[in-house]
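Take a look at the structure set out below.
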Amino acid sequence: MVLGSPLLRTKVPIMHNNRLLLVLLLALLLSAALILGASMGLASPGWDSYDTGQRLTIEAPLKQVLYRSPQTEVRVDYRGEEWKVVLGPSSRLLSRGVIKNDLRPGRPVILVGHPHKDGSAEMRAERLILDGRTLELR
Numbered sequence: 019m020v021l022g023s024p025l026l027r028t029k030v031p032i033m034h035n036n037r038l039l040l041v042l043l044l045a046l047l048l049s050a051a052l053i054l055g056a057s058m059g060l061a062s063p064g065w066d067s068y069d070t071g072q073r074l075t076i077e078a079p080l081k082q083v084l085y086r087s088p089q090t091e092v093r094v095d096y097r098g099e100e101w102k103v104v105l106g107p108s109s110r111l112l113s114r115g116v117i118k119n120d121l122r123p124g125r126p127v128i129l130v131g132h133p134h135k136d137g138s139a140e141m142r143a144e145r146l147i148l149d150g151r152t153l154e155l156r
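Residue numbers (this note's numbering): 19 to 156.
And the structure:
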């Protein structure tokens, strides 16, 4: 098999050519997987930002609800401040039986989770108690 311009007339065995294509394809797939994995890691806050050594329980009506991807968040008033509470992906809430209409402003809830390590008014909920139902979010 002859590859390249007619001036070069480089002969490359077919077996070597297939191996090269396979290596290039694998490199492309690995690069795409790394880029996708990195972007998903940036989009989804993990537990490492929260102090799992401290447990916080907030019992309050919902002030605001942001039911969205990648993370559903609610806002509640707690100790004179507005707290941001990360509930997790909307797909996880749905799998636990929580639909968008279940989370609406004014609805009383109990949220159990861990405060942010930086001391801001933010927590990551691992449990949601809604109408007497206890839902594990983690």
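Heads up, the beta-carbon is just placed ideally off N, CA and C, and yes, glycines get one too.
query	result
Would you mind sorting Ser108 into buried or exposed? The rule is 16 or more other CB atoms within 10 Å of its CB.	buried
Please state whether the Cβ-Cβ distance between Arg133 and Tyr68 is less than 8 Å.	Checking the sequence shown, residue 133 turns out to be Pro, not Arg. Cβ atoms of Pro133 and Tyr68: closer than 8 Å.
Should Arg142 be labelled buried (16 or more other beta-carbon atoms within 10 Å of its own) or exposed?	buried
With a Cβ-Cβ cutoff of 8 Å, do Leu84 and Glu91 count as a contact?	yes
From Glu144, Glu100, Asn119, pick the residue whose C-alpha is nearest to that of Ile128; which is it?	Glu144
What is the DSSP secondary structure of Ala139, counted as helix, strand or coil?	coil
Assuming Arg93 contacts Gln82 under a Cβ cut-off of 8 Å, what Cβ separation, rounded to an integer in Å, is found between them?	4 Å
Just how far apart, CA to CA, sit Asn36 and Gln89?	44 Å
Less than 8 Å between the C-beta atoms of Leu105 and Leu148, yes or no?	no
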